[in-house]
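Below is one structure, written out as structure tokens; comments come after it.
Set out below in structure tokens:
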């Protein structure tokens with residue numbers, strides 16, 4: 377409903393007044409003049425009710441944003457740094473006011489009022505952005521909003537005791553706001569959004585300084601938002617320039633995470649791979665290549681590496697996603713558990729495919745998330761089953777079990793598309809030395825050895841090879857599996873027709889083999 | 007196939023963390039020291 | 010084997026918005042505090058100029074190899090940044106001291122009472138006019154005639 381008469385003018389006057397104070401005051405220490413200004417706000421009745429405060433912030437935001445649009449749309453200043461710094465002038469003043477109000481609202485030791493005010497302002501700015509985005513469409517400008525969010529974040533992360541006490545709330549509020557503004561909701565803000573969530577100070581606070589990794593789940597959610605948005609564009613190999621830019625930017629962010637926070641990628645790999653398109657090989661390899669910094673990876677290329685002698689393969693990796701909960705419908709889960717327990721009824725196997733197939737349209741026939749969940753769930757059950765018998769996974773202990781029944785059934789019963797997704801789901805487990813990597817590596821090799829048609833062997837080879845012929849990095853588990861496949865004579869790899877189906881393919885295998893030996 | 011990730015402007019061999027000087031997803035180079043805020047003693051803030 | 014999947018209507022709309030945003034990419038200075046002297050505004054320089062930061066140029070070792078003049082330049086023009094911090098550290102390694110009271114750098118360690126030309130032979134000083142006025146009131150004598 378309508379703003380009370382006079383409020384718009386009052387707000388305009390006050391915000392201009394503040395911008396003036398901010399600019400003319402000595403340095404940036406405008407705290408002294410802040411109390412005077414708050415008094416003025418009081419005099420104008422702005423602080424009387426919560427509703428008025430909300431309106432004041434909404435109107436102030438709009439006034440600042442409009443000022444920026446005027447500057448940015450002015451042909452003479454477009455793309456000049458002069459124009460931009462004029463915008464910064466206005467936006468930074470607004471941000472300073474918000475930061476001071478947040479810092480000084482309520483008792484200094486009481487964080488609740490401060491956090492409430494921050495949430496209110498972030499919500500208002502997000503609301504103005506979304507409205508602006510939907511109204512202006514192609515004419516929408518990201519910069520003003522990006523600047524407000526960034527500068528406010530820097531202000532609220534200054535090393536001050538009152539802010540330290542607030543910090544976790546600030547990070548939570550920001551993550552909520554960024555989730556609301558995720559690219560799927562505001563595609564025209566996607567570049568600024570990626571820069572915001574990968575700003576060095578934001579990454580530092582979210583992933584490094586906040587204790588007990590408390591913000592890792594929040595950050596993981598933001599990356600899932602990004603992958604979900606990118607998925608339909610990455611799904612098709614042809615990337616348009618805007619997509620290439622966003623994709624490259626995403627790779628850079630992932631590289632920083634791989635280098636500085638590999639454990640974060642290790643913990644969240646499953647959720648990420650679940651939303652990254654299956655054909656997006658390099659980005660997925662990048663995530664799967666992460667390994668804990670405390671771990672020394674044995675060189676996969678040294679001859680006669682005894683993987684099953686490595687101590688690490690007895691330990692299961694941390695999986696944050698509740699895999700069992702993602703297997704649906706519940707009836708299917710129940711049937712699965714009973715089959716795993718009793719290895720009956722056989723009809724379960726014959727119905728498996730119908731549970732996974734959701735349409736007949738090529739390319740989107742299967743429920744990929746369900747496939748991923750099924751594969752990992754059955755695999756973890758198999759490892760537990762083998763351990764219960766005080767064995768460890770090997771070519772003999774993984775065979776002749778309900779678990780292997782399911783995998784062999786999927787291998788034989790699914791069509792090419794389904795089998796590709798199934799093998800992908802398995803290959804996603806080939807990471808650093810751990811019990812999953814070891815189990816699925818053995819399973820891959822077992823399925824290859826036991827395959828009754830060469831089509832299956834060829835497809836296993838294709839899935840592994842396509843992950844090897846892209847630029848680095850390559851996950852350790854992938855390398856050792858492929859090396860074992862082409863080295864171990866039991867698999868008769870080089871005798872298969874598909875290895876020699878064309879000179880360039882043969883050459884490719886030889887060059888990979890050469891680099892492996 | 008794919009990108010050569012070693013030419014995206016990140017020093018992947020750095021023994022130090024990358025994020026403190028990460029120039030952002032669009033930057034070809036890390037931030038320079040003069041780009042990165044630092045909590046210097048207040049007396050140093052002379053201007 | 011998955012083949013291509015045509016974009017749905019919703020994704021086509023998103024792509025159009027993304028595409029127009031592509032022509033308003035963020036600028037490096039958007040996410041930095043306003044810098045008085047050297048904002049983060051990359052300029053396109055001739056390709057044969059050095060394009061990437063010099064190796065290790067964000068380390069103290071590197072700064073220690075810079076000339077004193079350069080260090081003072083960095084200290085004065087890049088305040089509040091890691092560069093200023095590194096420059097100050099490097100100056101201190103070369104036995105320069107920053108007197109917080111006088112806001113000045115001295116290469117000698119004793120606290121000067123009088124600064125005149127012979128005191129300053131071979132030493133570089135930087136100070137702030139306003140602060141110097143205050144110091145003067147406190148009886149601080151300063152006879153150095155040329156000061157830039």
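Protein chains in written order, with this note's numbering: chain A, 377 to 893; chain B, 7 to 53; chain C, 10 to 157.
A virtual CB, placed ideally from N, CA and C, is assigned to each residue, including glycine.
Just so it is clear, the structure is predicted and the values come from calculations on it, not from any experiment.
Item	Value
Considering residue 552 (chain A), what are the terminal residues of the beta strand (DSSP E) in which it resides?	Run containing residue 552 (chain A): none in the beta strand (DSSP E); it sits in the alpha helix (DSSP H), 543-556.
Could you tell me which residues DSSP puts in a beta bridge with residue 798 (chain A)?	Partner(s): none; residue 798 (chain A) has no beta bridge.
DSSP three-state call for residue 392 (chain A): helix, strand or coil?	helix
Output, in chain order, the set of chain B residues within a Cβ distance shorter than 7 Å of residue 94 (chain C).	44 and 46
Could you name the residues of chain B that residue 625 (chain A) contacts, counting a contact when the two beta carbons are closer than 7 Å?	31 and 32
Could you tell me which uninterrupted alpha helix (DSSP H) segments, each at least 4 residues in length, are contained entirely in the stretch 709-740 of chain A, listed from first to last along the chain?	723-732
According to a CB-to-CB cut-off of less than 9 Å, which residues of the stretch 34-53 of chain C neighbour chain A?	34, 35, 36, 38, 39, 40, 41, 42, 43, 48 and 50
Starting from the C-beta of residue 884 (chain A), find all residues in its chain whose C-beta is less than 6 Å away, skip the five residues before and the five after it, and write them out in chain order.	none
Which bits of chain A does residue 28 (chain C) rub up against, with CB to CB less than 7 Å?	618
Pull up the distance between the alpha-carbon of residue 875 (chain A) and that of residue 869 (chain A), whole angstroms please.	8 Å
Any Cβ of chain C within less than 9 Å of the Cβ of residue 518 (chain A)?	yes
How long is the line joining the alpha carbons of residue 155 (chain C) and residue 48 (chain B), rounded to whole angstroms?	With a pLDDT of 44 at residue 155 (chain C), under the threshold of 50, the predicted position of this residue should be treated as unreliable, and no value is reported.
Please return the same chain residues whose Cβ sits closer than 6 Å to the Cβ of residue 494 (chain A), not counting the five positions on each side in sequence.	478 and 549
Alpha carbon to alpha carbon, how far is residue 718 (chain A) from residue 782 (chain A)?	13 Å
Are any of the Cβ atoms in chain A nearer than 9 Å to that of residue 108 (chain C)?	no
Listing by chain order, which chain A residues have their CB less than 8 Å from the CB of residue 26 (chain B)?	576 and 580
Residues of chain C with a CB under 8 Å from the CB of residue 523 (chain A): which are they?	39 and 40
Using the Cα positions of residue 805 (chain A) and residue 829 (chain A), report the straight-line distance between them to the nearest angstrom.	24 Å
Counting pairs of beta carbons, one from the stretch 43-58 of chain C and one from the stretch 84-93 of chain C, are three or more of them closer than 8 Å?	yes
For the structure I just gave you, are there three or more beta carbon pairs, one from the stretch 758-776 of chain A and one from the stretch 623-637 of chain A, closer than 8 Å?	no
Name the chain C residues whose beta carbon is nearer than 8 Å to that of residue 526 (chain A)?	39 and 40
Who are residue 108 (chain C)'s beta bridge partners in DSSP?	C:113
State the Cα-Cα distance for the pair residue 760 (chain A) and residue 684 (chain A), rounded to the nearest angstrom.	17 Å
Measure from the alpha carbon of residue 444 (chain A) to the alpha carbon of each residue in A:737, A:689, A:520 and A:640, then state which is nearest.	A:520
Going along the chain, which unbroken runs of the beta strand (DSSP E) with 3 or more residues stay wholly within the stretch 802-863 of chain A?	none
What residue range is occupied by the uninterrupted alpha helix (DSSP H) comprising residue 491 (chain A)?	487-512
Any C-beta of chain B within less than 9 Å: which residues of the stretch 74-92 of chain C qualify?	83, 84, 85, 86, 87, 88, 89, 90, 91 and 92
What do you get for residue 890 (chain A), buried or exposed, if any count of 16 or more other CB atoms within 10 angstroms of its CB means buried?	exposed
Does chain A have any CB closer than 9 Å to the CB of residue 157 (chain C)?	With a pLDDT of 36 at residue 157 (chain C), under the threshold of 50, the modelled position of this residue cannot be trusted, and the question is left open.
Quick one: which chain C residues come within Cβ less than 8 Å of residue 793 (chain A)?	10 and 11
So, does the CB of residue 40 (chain B) fall closer than 9 Å to a CB anywhere in chain A?	no
I need the DSSP call for residue 43 (chain B), collapsed to helix, strand or coil.	strand
Would you please state the rounded distance, in angstroms, between the beta carbons of residue 570 (chain A) and residue 625 (chain A)? I believe it to be under 8 Å.	5 Å
Under DSSP, the alpha helix (DSSP H) around residue 37 (chain C) begins and ends at which residues?	That residue, residue 37 (chain C), is in no alpha helix (DSSP H); it is neither H nor E in DSSP.
For residue 90 (chain C), which of helix, strand or coil comes out of DSSP?	strand
For the putative contact between residue 728 (chain A) and residue 789 (chain A), defined by C-beta atoms under 8 Å, what is the C-beta separation to the nearest angstrom?	7 Å
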